[in-house]
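Single-structure report; data block below.
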Amino acid sequence: MVKAQGWFALLWLPLGFVSGLFVTARIALPILLGLPRAIHLVSSGEMRAAVYRRLLFTPVLWIVALAVIVLLVGFFWPSAAAWFETNGALSGGVWLGVVGILLSALSKKSRADFHADFDQSYRQFYVHRDARRRRPNRRRSSTVPS
């Protein structure tokens, strides 16, 4: 790869890796880790179904934005699109980033971090069951002195 592309391959490989990590984390992780957790929590009644819309909005937005960028670059600047397609170091880095994010879903630490982030990010969708179960205390003493 270095011989074919020169020393710039050392720049393109890490750049592709970082961009692959970033974009795949925005698209794949909410679907791979968030959606099954949301399905479980909604089916058990612990979370409202409105979480699906919020959970899938970001990956769909990223997919649409990337598709528009690829189509615009391919339409208005075909030589740049051909260069991106033939840049082996950049493509290799992107694929390493994609595989890295997909393999991170297998790690216990990564899943625990994602669950903590999930709980914090989507806490407004949790149903507070204990608030419904509590009954008002009917034998409340009067606070007004007699």
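First residue of the sequence shown? That's -13 in my numbering, and the numbers climb one at a time after it. Positions of the beta carbon are idealized from the N, C-alpha and C atoms, including for glycine. Nothing here was measured: the structure is a model prediction, and the numbers come from that model.
Judged by beta-carbon spacing, Phe104 lies beyond the 7 Å limit of Arg34, meaning their Cβ atoms are not closer than that value. Look at Tyr108 here: in three-state DSSP terms it is coil, with no helix or strand label.
Between Trp69 and Gly6, the beta carbon gap of about 18 Å keeps them out of contact (Cβ cut-off 8 Å).
Three or more Cβ pairs closer than 8 Å define a contact, and the stretch 90 to 106 meets that threshold against the stretch 9 to 23.
In the DSSP annotation of this structure, the continuous segment of the alpha helix (DSSP H) that includes Ser65 starts and ends at Pro64 to Thr72.
Contact between Phe3 and Gly79 holds: CB atoms are separated by about 4 Å, below the 8 Å threshold.
Within its own chain, the residues whose Cβ lies closer than 8 Å to the Cβ of Val113, once the five positions on either side in sequence are excluded, are Gly31, Glu32, Met33 and Arg34, listed in chain order. About 6 Å separates the CB atoms of Asn73 and Trp(-2); that is less than 8 Å, so the two are in contact. If you keep only unbroken alpha helix (DSSP H) runs of at least 4 residues inside the stretch 2 to 46, you get 21 to 29. Under the 10 Å beta carbon count, Leu19 is surrounded by 16 or more other beta carbons and is classified as buried. If you draw a straight line from the Cα of Tyr108 to the Cα of Leu76, it comes to about 35 Å.
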